[in-house]
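UniProt numbering numbers the first residue of the sequence shown as 1 and each following residue consecutively. We treat Cβ as the ideally placed atom computed from N, Cα and C, and that holds for glycine.
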Amino acid sequence: MTTATLPASHVPLRKHVGLGKTIAQSMTLSWRGMVKIRRNPAGLADVIIGPAIFLVLFGYVFGGAISGDTGEYLQYVFPGILGMMTLFATMGVGVSLSTDLSQGIFDRFRSLPIARVSPLIGAIGSDIVRQLVSLTALVGFGLLLGVRFETSIWSILAACALALGFAFAVSWALILLALAVKDPMAVQGLGAVLIIPITFASNIFVPVETMPGWMQTFASWNPVGHLVDAVRGLMMGGPVGEPLMFTLVWMGVFVILFAPLSLVVYNRRP
């Protein structure tokens, strides 16, 4: 007796998957990404060691020249480094997704009776875990260097949650890039080209008021600047309401704009 196997393209797919099953399937695929991290912990080196190196370099190499006091500058730049590394870490989801696409893994996912969006949300979910590890390591290293938070533990947790939410929103742009470019190295290169300008043309390292007028205009609309202002206020004290509002608006814009586009491109893949 022989057993006939239908080609993947002939496997009957469900037209509609409920919200509960979509969430469960997304969590399952997120777990797949976490298993990959557990089996290759060296892959976390960039999100653990990288932020620590940036904090030391900018705090102790440039801090005296920029602020005149290294300790005072560490207090200023720490929330900025946190926001910057959150943004850079989102490149990981784009590169990981592009690698899976190039190896045909996502073609296999598309042949399964699961929600189409689940593989994409699963990729973001596992990346959020990487981000959480990075944030925890950065906060711990900052405390060792002498950074002192001026607010409550709840405000600090809220700042970390806001950074993770921002990473989730920006990740959709990297997913769209990965779907469009289809080459992991190109995703990494183009991602850096897009992220570096909006990172440095902001209030991460210096106050916006020290910049030329035209750059101040750009920096005042920069979504990273609003995130850093909100995180700085939540961790070190200061205004929170307005930068938090603008950060949430930018997060909504990223999700509303890039999530549907990513799904359209994903569904049109041959």
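Ordered along the chain, which non-local residues of its own chain (more than five positions away) have a Cβ less than 7 Å from that of Val117?
Counting from 1 along the sequence shown, the entry for residue 117 is found at position 117. Excluding positions up to five away in sequence, the list reads Thr22 and Leu263.
As a quick exercise: from Asp183, Ile256 and Asn203, pick the residue whose alpha carbon is nearest that of Gly80.
Here residue 80 is taken as the residue at index 80 of the sequence shown, counted from 1. If we check each option's Cα against that of Gly80, Asn203 comes out closest.
If I follow the unbroken alpha helix (DSSP H) through Ala178, where does it start and stop?
Position 178 of the sequence shown, counted from the first residue, corresponds to residue 178. From DSSP, the alpha helix (DSSP H) with Ala178 extends over Ile153 to Val181.
Own chain residues within Cβ distance below 7 Å of Met211, not counting five before or after:
Counting from 1 along the sequence shown, the entry for residue 211 is found at position 211. The beta carbon of Met211 sits closer than 7 Å to the beta carbons of Ala219 from its chain, once the five residues preceding and following it are set aside; these are given in chain order.
Straight-line CA distance for Thr136 to Ser155?
Locating residue 136 in the sequence shown gives position 136, counting from the first residue. Locating residue 155 in the sequence shown gives position 155, counting from the first residue. About 15 Å.
Beta-carbon separation of Gly83 and Asp127 under 8 Å?
Mapped onto the sequence shown, residue 83 falls at position 83. Mapped onto the sequence shown, residue 127 falls at position 127. No, these two residues do not count as a Cβ contact at 8 Å.
To the nearest angstrom, report how far apart Glu150 and Leu101 are at their CA atoms.
Position 150 of the sequence shown, counting from 1, holds the residue named residue 150. Position 101 of the sequence shown, counting from 1, holds the residue named residue 101. In this model, Glu150 and Leu101 are separated by some 45 Å (Cα to Cα).
Exposed or buried, Leu13, counting other C-beta atoms within 10 Å across all chains shown (16 or more means buried)?
Your numbering for residue 13 matches position 13 in the sequence shown. For Leu13, the pLDDT reaches just 46, beneath the cut-off of 50, and the residue's location in the model is therefore unreliable, leaving the point undetermined.
Contact set for Gly225: own chain, Cβ-Cβ below 6 Å, skip 5 residues either direction
As a first step, residue 225 must be located in the sequence shown, where it is residue number 225. Leaving aside the five residues that flank Gly225 on each side, the residues in its chain whose CB is nearer than 6 Å to its CB run, in chain order, Ser202, Asn203 and Ala219.
Classify Ala115 as helix, strand or coil using the three-state DSSP reduction.
On the sequence shown, position 115 is the one that residue 115 refers to. It is coil, neither helix nor strand.
Just reading off the alpha helix (DSSP H) that Ser98 is part of, what are its end residues?
What you label residue 98 is simply residue 98 of the sequence shown in a count that begins at 1. It spans Met91 to Ser102 - the alpha helix (DSSP H) in which Ser98 sits, taken as one unbroken run.
Can you find the residues in the same chain that come closer than 7 Å, C-beta to C-beta, to Leu177, ignoring five residues on each side of it along the sequence?
Within the sequence shown, residue 177 is the residue found at index 177, counting from 1. Hits under 7 Å: Gly94, Val187, Leu190 and Gly191.
When DSSP labels each residue in this structure, what does Met211 get in the three-state scheme?
By 1-based counting over the sequence shown, the position of residue 211 is 211. In the structure shown, Met211 sits in coil (DSSP, three-state: anything other than H, G, I, E or B).
What does the Cβ neighbour count give for Leu19, buried or exposed, with the cut at 16 atoms within 10 Å?
On the sequence shown, position 19 is the one that residue 19 refers to. Exposed: under 16 other Cβ atoms inside 10 Å.
Applying the 10 Å Cβ sphere with the 16-neighbour rule, what's the burial state of Thr2?
Numbered from its first residue, the sequence shown carries residue 2 at position 2. Only weak support exists for where Thr2 lies, its pLDDT of 42 falling under 50; the value from the coordinates is given anyway. Exposed: under 16 other Cβ atoms inside 10 Å.
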